[in-house]
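Asks:
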Amino acid sequence: MGKSFIIAALVAVTTVSAHGNITSPPARLGGPAMAKACGQSAVSAVLQDGTIPLENLLPAPAACNLFLCRGALFADNAARVQTFALGQTIDFTAILPIPHEGPANVSVVDTKTNQVIGQPLIVFDSYADENLAVLPANNTAFSVTLPAASATLESACSVAGACVLQWFWFGTAAKQTYESCVDFVIGSGVAKRAAEEEKVKRKSARWYGN
Ligand SMILES: [Cu+2]
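Here the working numbering runs 1014 ahead of the position in the sequence shown, where the first position is 1.
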């Protein structure tokens, strides 16, 4: 990682001038792989202001898919992959320096197909309404809970890079689209369930003496 990239990433954290994005869990940032696909100017723009809408990066080269994670790629974010268990509740923090009323949601997205897996985990019919004196607290601090049992998630999201939790927000009047992606794998859920099954087995062995 070059020095200039590190400096640019620090700048992205400290100077936030517009719109909105997810700050926790750690969301995908731009980097060399995105620069290859989307151009260095797009990466410079998102590193300078992590809250800009994808429309600011249009037009994009054919290799650049802004409509998934605003063009940010797993290859630049392998160190940010989270491990979540099925049934886990995940706390999100968003910043909304410039709100724009519109729908928002968080979904598990298959990064190969850019398709949502299952139902959205949270849906806001009206989000970031700039006409409100104060935004509802859950616009910037909310939680989502993964399904307690899902063979689909377990198999689709077992490898880093395959799945993201994508925060999506569209400012209706502003006509601006925002996307932040959290890379994750379904991990400890498998181990946790195996341990629980073992416990149940041991308990029943005590009851039935077998
Ligand atoms: Cu905006």
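Cβ coordinates follow ideal geometry from the N, Cα and C atoms, glycine included. None of these values were measured; they are calculated from a predicted model.
If you draw a straight line from the C-alpha of residue 1164 to the C-alpha of residue 1099, how long is it?
Replies: Taking the straight line joining both Cα atoms gives about 11 Å.
Asks: Going by Cα to Cα distance, which pick from 1094, 1119, 1126 is closest to residue 1138?
Replies: Taking only the C-alpha atoms, the option nearest residue 1138 is 1119.
Asks: Of the residues 1081, 1216, 1193, which one's Cα is nearest the Cα of residue 1225?
Replies: As shown, the chain starts at 1015 and ends at 1224. That puts residue 1225 outside it, with no answer to give.
Asks: Excluding sequence positions up to five away, which residues of its chain have a Cβ less than 6 Å from the Cβ of residue 1167?
Replies: So the qualifying residues of the chain are 1200.
Asks: Would you mind stating whether residue 1124 and residue 1177 have Cβ atoms separated by less than 8 Å?
Replies: For residue 1124 and residue 1177, yes; Cβs fall inside 8 Å.
Asks: May I have the straight-line CA-CA distance separating residue 1106 from residue 1135, to the nearest angstrom?
Replies: Using only the alpha carbons, I get a separation of about 12 Å.
Asks: By DSSP, does residue 1088 sit in helix, in strand, or in coil?
Replies: Residue state, collapsed to three classes: helix.
Asks: If we call anything under 8 Å between Cβ atoms a contact, is residue 1188 one with residue 1034?
Replies: Going by C-beta atoms, residue 1188 is not nearer than 8 Å to residue 1034.
Asks: Since residue 1078 and residue 1052 should fall inside the 8 Å C-beta cutoff, what is the C-beta to C-beta distance between them, to a whole number of angstroms?
Replies: Indeed, because the Cβ distance is near 4 Å, the residues count as touching under 8 Å.
Asks: Report yes if the C-beta distance between residue 1127 and residue 1198 is below 8 Å; otherwise report no.
Replies: Going by C-beta atoms, residue 1127 is not nearer than 8 Å to residue 1198.
Asks: Report whether the distance from the Cβ of residue 1117 to the nearest heavy atom of ligand 1 is below 7 Å.
Replies: Incorrect: residue 1117 has no Cβ contact closer than 7 Å to ligand 1.
Asks: Since residue 1062 and residue 1114 should fall inside the 8 Å C-beta cutoff, what is the C-beta to C-beta distance between them, to a whole number of angstroms?
Replies: Not confirmed; about 20 Å, so no contact.
Asks: How far does the beta strand (DSSP E) with residue 1179 in it extend, from its first residue to its last?
Replies: Note, residue 1179: beta strand (DSSP E), 1177 to 1185.
Asks: What whole-angstrom Cβ distance do residue 1042 and residue 1195 have, given they're in contact under 8 Å?
Replies: Right, their Cβ atoms sit about 5 Å apart.
Asks: I need the DSSP call for residue 1057, collapsed to helix, strand or coil.
Replies: Helix, per DSSP.
Asks: Applying the 10 Å Cβ sphere with the 16-neighbour rule, what's the burial state of residue 1103?
Replies: Exposed.
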